[in-house]
Amino acid sequence: MAEQLEALLLYLKESRGFDFTAYKRATLMRRVQVRMHTVGMRSFADYLDYLQVDSNEFTRLFNTILINVTRFFRHPRCGSR
């Protein structure tokens with residue numbers, strides 16, 4: 002399973018330019034599995050095949066993996082000027 006995940010991550014790096022090597026593998030695995038479950042894929046290899054034919058899935062996967070965090074409005078001093 003780990004080899005299939007690494008193959009998927011390599012594909013994302015080579016095809017889309019996203020390098021997830023600094024991400025924790027357990028976190029990546031969970032988030033990719035969320036997308037796999039949603040689209041009915043049972044293995045990382047099957048999901049990789051699915052990514053290669055459904056270009057919209059990249060956006061959905063990246064939205065699942067990448068967490069958009071904004072700290073500007075969470076910092077008490079921001080906006081108090």
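Residue 2 is where the sequence shown starts when you use our numbering, and the numbers rise one by one after that.
Don't be surprised by glycine CBs; every beta carbon is placed ideally from N, CA and C.
Only counting the same chain, and skipping five residues up and downstream in sequence, which positions put a Cβ closer than 7 Å to that of residue i?
i: residue 30; result: 6
i: residue 32; result: 65 and 66
Please report the straight-line C-alpha distance between residue i and residue j, rounded to a whole angstrom.
i: residue 16; j: residue 56; result: 11 Å
i: residue 46; j: residue 37; result: 10 Å
i: residue 20; j: residue 68; result: 15 Å
For the alpha helix (DSSP H) containing residue i, name the first residue and the last one.
i: residue 37; result: 26-40
i: residue 1; result: With the chain covering only 2 through 82, there is no way to say anything about residue 1.
i: residue 49; result: 45-54
Might you give, ordered along the chain, the residues of its own chain that have their beta carbon closer than 6 Å to the beta carbon of residue i, omitting 5 neighbours on each side?
i: residue 52; result: 58
i: residue 41; result: none
i: residue 62; result: 36
By the 10 Å Cβ neighbour count, where 16 or more other Cβ atoms means buried, how is residue i classified, buried or exposed?
i: residue 48; result: buried
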